[in-house]
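S.K.: Pasting in a structure now, in structure tokens, and then I'll have a few things to ask.
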Amino acid sequence: GAKANHIVNYKILEQIATGTDLVIDFGGGLKSDSDIETAFSCGAAMVTGGSIAVREPETFFRWLGKYGSDKIILGADARDGMIAVNGWQEVTELPVVDFISKFHREGIGTVISTDISRDGMLTGPSYELYREIIEKLPDVNIIASGGIASMDDIIKLAEMKVPGVITGKAIYEGRISLDDIKQYNLS
1 GAKANHIVNY KILEQIATGT DLVIDFGGGL KSDSDIETAF SCGAAMVTGG
51 SIAVREPETF FRWLGKYGSD KIILGADARD GMIAVNGWQE VTELPVVDFI
101 SKFHREGIGT VISTDISRDG MLTGPSYELY REIIEKLPDV NIIASGGIAS
151 MDDIIKLAEM KVPGVITGKA IYEGRISLDD IKQYNLS
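What follows is the structure in structure tokens.
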């Protein structure tokens, strides 16, 4: 979606939403009111917009006003502290903390922030980035993404007051199990 510059996986979204009871956040390629309506009608509980927030902030703010901060999440993907857009193909001159701050002032509550230099690398998350965001914007719910390699990373982020984490490769490669995550969530 993000690289194609339009919504492409809505049929898969619909299959997952109708076949499971998962609460789904959908993102990638959301560029128009029609795209976001398609995502919600296909079963997304919430959507994440990143490039649209950079390129057309008025559209993102309109969505935020219409659907609310419980349904609209800001995507703040970054490389070397600068926002990246278009499927991570282009790095802007926008510092990630300033970018998040602008949208927080307008009511955004949750931000997924991926350090794209660490995504899929299993090298550990960008603790410094998340620490800076939390220190400057303590009311923002940050979901950390990129580099998660072990339960120790998840635990350290939780100790830093990061309320959410996205991990993929560490699960696929058996470094973190779903049972590990369930056990941690129960403790």
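Numbering follows this note's numbering, in which position 36 of the sequence shown is assigned residue number 36; successive positions increment by one, without gaps.
Ideal placement from N, C-alpha and C gives every residue a C-beta, glycine not left out.
Being a predicted model, the structure only gives us computed values, none of them experimental.
Do you know how far the Cα of Ser113 is from the Cα of Ile52?
M.R.: For the purposes of this step, residue 52 is taken as residue 52 along the sequence shown, with counting starting at 1. For the purposes of this step, residue 113 is taken as residue 113 along the sequence shown, with counting starting at 1. C-alpha separation (whole angstroms): 15 Å.
S.K.: On the premise that Ser145 lies in contact with Ile108, defined as a C-beta separation below 8 Å, what is that separation, rounded to the nearest angstrom?
M.R.: For this step, residue 108 is matched to residue 108 along the sequence shown. For this step, residue 145 is matched to residue 145 along the sequence shown. The pair is not a contact, with the Cβ atoms about 16 Å apart (cut-off 8 Å).
S.K.: Under a three-way DSSP split, which group does Leu178 fall into?
M.R.: Locating residue 178 in the sequence shown gives position 178, counting from the first residue. Three-state result, Leu178: helix.
S.K.: In the DSSP output, what is Ile100 paired with across the bridge?
M.R.: Stepping through the sequence shown from its first residue, residue 100 is reached at position 100. Answer is none; Ile100 lacks a bridge partner.
S.K.: Does the beta-carbon of Leu22, which I'm using as the reference point, lie nearer than 7 Å to any heavy atom of the ligand MN?
M.R.: By its list of ligands, the structure shown contains no ligand whatsoever, and the ligand MN lies outside what it can speak to.
S.K.: Thr110 and Ile73 look like a contact to me (Cβ under 8 Å); what is the Cβ gap, rounded to whole Å?
M.R.: As a working note, residue 110 is residue 110 in the sequence shown. As a working note, residue 73 is residue 73 in the sequence shown. So it is a contact: roughly 5 Å between Cβ atoms.
S.K.: My guess is that Val97 and Lys71 are in contact by the Cβ rule of under 8 Å, so how many angstroms apart are they, rounded?
M.R.: On the sequence shown, residue 97 is found 97 positions in, with the first residue counted as 1. On the sequence shown, residue 71 is found 71 positions in, with the first residue counted as 1. Not quite, the Cβ-Cβ distance comes to about 24 Å (not below 8 Å), so this is no contact.
S.K.: Give me the DSSP bridge partner(s) of Arg79.
M.R.: For the purposes of this step, residue 79 is taken as the residue at position 79 of the sequence shown. Paired residue(s): Met82.
S.K.: Return the chain-ordered list of same chain residues with a C-beta closer than 8 Å to the C-beta of Ser94, the five sequence neighbours on each side being excluded.
M.R.: Translated into positions along the sequence shown, residue 94 becomes position 94. With the sequence shown as reference, residue 94 is identified as Leu, and Ser is not the correct amino acid for it. For Leu94, where only same-chain residues beyond five positions count, the Cβ hits under 8 Å are Val54, Met82, Ile83.
S.K.: In or out: Tyr184 buried (at least 16 other Cβ within 10 Å) or exposed?
M.R.: Mapped onto the sequence shown, residue 184 falls at position 184. It is exposed - the Cβ of Tyr184 has fewer than 16 other Cβ atoms within 10 Å.
S.K.: Assign Thr20 to one of two classes, buried (16 or more other C-beta atoms within 10 Å of its C-beta) or exposed (fewer than that).
M.R.: Here residue 20 corresponds to residue number 20 of the sequence shown, with the count starting at 1. By the 10 Å Cβ count, Thr20 comes out exposed.
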